[in-house]
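>
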Amino acid sequence: MGGWAIAVHGGAGVDPNLPAERQEEAKQLLTRCLNIGISALRSSLPAIDVVELVVRYHSPFSVRELESDPLFNSGRGSALTANGTVEMEASIMDGDGRRCGAVSGISTVKNPISLARLVMDKSPHSYLAFSGAEEFAKQQGVEMVDNDYFITEDNVGMLKLAKEANTILYDYRIPITGLESCAASVESPIHMNGLPISVYAPETVGCVVVDGQGRCAAATSTGGLMNKMTGRIGDSPLIGAGTYAGELCGVSCTGEGEAIIRGTLARDVAAVMEYKELGLQDAVDYVIKKRLDKGFAGLIAVSNKGEVAYGFNCNGMFRGCATEDGFMEVGIWE
Amino acid sequence: MGWAIALHGGAGDIPKDLPPELREPREACLRYCLKMGIDALKAQKSPLDVVELVVRELENNPYFNAGRGSVLTSNGIVEMEACIMDGITKNCGAVSGLTTVVNAISLARLVMEKTPHIYLAFEGAEAFAREQGVETMDSSHFITPRNIERLKQAKEANKVQVDYNTRPIPKDDKPPAPSGDSQLGTVGCVAVDSYGHLATATSTGGLVNKMVGRIGDTPIIGAGTYANKLCAVSATGQGEAIIRATVARDVAALMEYKGLSLKEAADYVIEESAPRGTTGLIAVSATGEVTMPFNTTGMFRACATEDGHSELAIW
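So, in structure tokens, the structure goes:
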């Protein structure tokens, strides 16, 4: 017990038919993210700095930065709204003092997680959104890019697929029986966020860390939901839903945003530890089992005792974990 | 058992010598809204309908910081937000950054019922409002002379702390509210019917002189607003503190995970989790109990239960 620990995730809800090379690529990316975090932890960087660093590196929309790396030259950009625009969001929380920062509706800031950090450190508020957040970004001199930096051919194509899938399945609360003749659902009857799993792509990345001093932190960043309504805010920027860190643990969630919000998933892991005195893994299992009535999601968590845990109730979650005693693991499936 | 209802018009540093012309209209509104809510519960309206109609009325009253009468951003405009949640289903809806919608709480309800999402904000929320044909007015409709004055005073008080580009503002050092009620935030209502069904609704203009685009606790499920099968909660006060302490969720979590009663859970959150001077809340339980604790100087509030108990108070 004790010592640092780190976990990263690259989204929950994975196509069971994901080609082997893509799976391998994903695992390599997760391993690199862990190694970046581990190096930082070994240099005694505090948890709050480590989570920010790892999420910056990992974000699918910043993958273009790794152009020199032959593995990652297919920068996917961000999820697109129904209007074909980009609206990214992120949040970060420092368990030491429970300070937090969040942003939504970001379209020209290269690293939304760092903007969230600035909201926490340099503004009198905890959450800024849309044009107000972009204005703050300009004042802070953060790196800005053109809107279309995040718009890729891939994503425009995916938006089209999502629209086609959604015209059949717009309201995912309606049971999908009787749609067997639909090509999309014949290929993959599993659905996530209203889309067939073959069309769905997880858009969220997260990192949780406990450092050598026992301080926990959490960070989550996302492009949101492909084909979402303009202005739709999901769980990732909402403290207590997608992200939470307190004295006992740090948590980052991913999956069906609306279900995570209703279940106040991240806060509940901590609450169950605080109020029911469950250990980390038990708390994670409890929340995944009992707090996601109708929804699919996953989460990663660390405790101030140096433990790491994860859980998900959907088809796969890209994740990696490591602890100071040398344990390291990346995975996709159960 | 039996129905219960509570409503609030904001917690904050309300001076005990609040002049009658500021006190009386708010007390009258609370009294009127309480009666509206009681009549609706007696007429068997669902708690979700009850909390929406009460909050609409509070939004329409220019003396409270919601709807018309909302405090102003640093740019002198309003950016309203609201949230509604149904305890049985845990369905919820939230909106932020509204500038023309007359009743933000009703738009939040439409997000819940007419979209696959929970939370819509800014231009996207305004566009949705137009699609839904809800009542909108030019944004000048919401701005009152008192709030223009409040903004002026807040800017003057902030002059010494204004340049946050170069140094971080210590989070817990808030400038003192010049007029005593400029920290006033939010309206809300919680209700339970005699079947134990719960609902909550909160609506606000936010923090006076807030940065454009600032979102507070009100639309964040678990922070300012929360309801499940055990209780319904609406919080008010300093948004950033309420977010960190996940106030509304914690009341329910303490009941569920630690077996505390409604009153014990609410008192714990107010006394232990939320810093002094930042938070107030109203809550009802599935068994018809009601509680309205606060750690600020005052909170405009009223409540009633089926057994005839009723209360209206500020301090």
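Top to bottom, those sequences are chains U and V.
Anchor point for the first sequence: position 23 equals 275 in the working numbering, and the numbering is continuous, going up by one each time.
Anchor point for the second sequence: position 274 equals 1418 in the working numbering, and the numbering is continuous, going up by one each time.
Note that the Cβ used here is the ideal one computed from N, Cα and C, for glycine as well.
Keep in mind it's a predicted model, so treat the numbers as computed, not measured.
#1: Would you give the residue range spanned by the alpha helix (DSSP H) that V:Cys1173 belongs to?
#2: When burial is assigned at 16 or more other CB atoms within 10 Å of the CB, is U:Lys542 buried or exposed?
#3: Could you tell me which residues DSSP pairs with V:Gly1381 in its beta bridges?
#4: Taking Cβ-Cβ distances shorter than 9 Å, what residues in chain V pair up with U:Phe579?
#5: Please list, in chain order, the chain U residues whose beta carbon lies closer than 9 Å to that of V:Asp1451.
#6: Here's the rule: buried if 16 or more other CB atoms are within 10 angstroms of the residue's CB, otherwise exposed. What is U:Phe579?
#7: For chain U, check one thing: does any of its Cβ atoms lie closer than 8 Å to the Cβ of V:Asn1439?
#8: With a threshold of 8 Å, are at least 3 pairs of Cβ atoms found where one atom belongs to the region 289-303 of chain U and the other to the region 464-473 of chain U?
#9: With a threshold of 6 Å on Cβ separation, who are the neighbours of V:Asn1291 within its own chain once the five nearest residues in sequence on each side are excluded?
#10: Within the continuous alpha helix (DSSP H) that includes U:Leu367, where are the two ends?
#11: Go to U:Gly384, then tell me how far its alpha helix (DSSP H) extends in each direction, as first and last residue.
#12: Answer yes or no: do V:Cys1375 and V:Val1395 have a C-beta to C-beta separation smaller than 8 Å?
#13: Taking only beta-carbon atoms, is V:Pro1461 less than 8 Å away from chain U?
#14: If you reduce the DSSP assignment to three classes, tell me which class U:Arg467 lands in.
#15: State buried or exposed for U:Glu455, treating a residue as buried only when at least 16 other CB atoms are found within 10 Å of its CB.
#16: What separation, rounded to the nearest whole angstrom, lies between the Cα atoms of V:Arg1167 and V:Glu1408?
#17: With distances taken Cα to Cα, identify the nearest neighbour of V:Gly1156 among V:Arg1445, V:Thr1449 and V:Thr1423.
#18: Please list, in chain order, the chain U residues whose beta carbon lies closer than 8 Å to that of V:Lys1354.
#19: Specify whether the region 1337-1347 of chain V and the region 1182-1201 of chain V touch according to this definition: at least 3 beta carbon pairs, one from each stretch, less than 8 Å apart.
#20: Which residue or residues does DSSP assign as beta-bridge partners of U:Thr506?
#21: I need the DSSP call for V:Ile1232, collapsed to helix, strand or coil.
#22: Count the other CB atoms, across all protein chains shown, that sit within 10 Å of the CB of V:Pro1164; report buried if there are 16 or more and exposed otherwise.
#23: With DSSP as the reference, please indicate the residues paired to U:Asp346 in a beta bridge.
#24: Excluding the 5 residues flanking V:Glu1201 on each side, which residues of the same chain have their C-beta closer than 8 Å to its C-beta?
#25: Using a Cβ cut-off of 9 Å, pull out every chain U residue sitting near V:Asn1397, in sequence order please.
#26: Using a Cβ distance threshold of 8 Å, determine whether the region 257-267 of chain U contacts the region 284-302 of chain U, with at least three qualifying pairs required.
#27: To the nearest angstrom, how far is it from the Cα of V:Arg1358 to the Cα of V:Gly1368?
#28: Checking 8 Å against the spacing of the C-beta atoms, do U:Ala453 and U:Met410 come in under that value?
#29: If you count every other CB in all the chains shown that lies within 10 Å of the CB of V:Trp1147, and 16 or more means buried, which is it?
#30: Contact criterion: CB-CB distance below 8 Å. Does V:Arg1358 meet it with respect to chain U?
#31: When the Cα of U:Val503 is compared with those of U:Ser488, U:Ala511, U:His310 and U:Gly568, which residue comes out closest?
#32: Only counting the same chain, and skipping five residues up and downstream in sequence, which positions put a Cβ closer than 6 Å to that of U:Ser356?
#33: What three-state label does DSSP hand U:Thr360 in the structure shown?
#34: Name, please, each residue of chain V whose Cβ falls closer than 8 Å to the Cβ of U:Phe388.
#35: Identify which residue in V:Ala1248, V:Pro1289 and V:Ile1262 has its Cα closest to the Cα of V:Arg1274.
#36: With DSSP as the reference, please indicate the residues paired to V:Asp1454 in a beta bridge.
Once the coordinates are examined:
#1: Pro1164 to Lys1186
#2: exposed
#3: V:Thr1423
#4: Within chain V, no residue comes near U:Phe579; the closest Cβ sits about 30 Å away, beyond 9 Å.
#5: By Cβ distance, chain U contributes nothing, its closest Cβ being about 31 Å from V:Asp1451, past 9 Å.
#6: exposed
#7: no
#8: yes
#9: Val1215 and Leu1216
#10: Pro364 to Lys374
#11: Phe382 to Gln392
#12: yes
#13: Residue 1461 of chain V is absent from the model: chain V starts at 1145 and stops at 1459.
#14: coil
#15: buried
#16: 30 Å
#17: V:Thr1423
#18: His377
#19: yes
#20: U:Gly550
#21: coil
#22: exposed
#23: U:Arg351 and U:Ala469
#24: Cys1173, Tyr1176, Cys1177 and Met1180
#25: For clarity, residue 1397 of chain V is Ala in the given sequence; the question names Asn instead. Under the 9 Å cutoff, chain U gives Thr516, Arg519, Asp520, Ala523, Val524, Glu526 and Tyr527.
#26: yes
#27: 15 Å
#28: yes
#29: buried
#30: yes
#31: U:Ser488
#32: Glu341, Ala381, Ile485 and Pro489
#33: coil
#34: Met1355 and Gly1357
#35: V:Ala1248
#36: It should be noted that the sequence gives Ser, not Asp, for residue 1454 of chain V. DSSP lists V:Ala1448 as partners of V:Ser1454.
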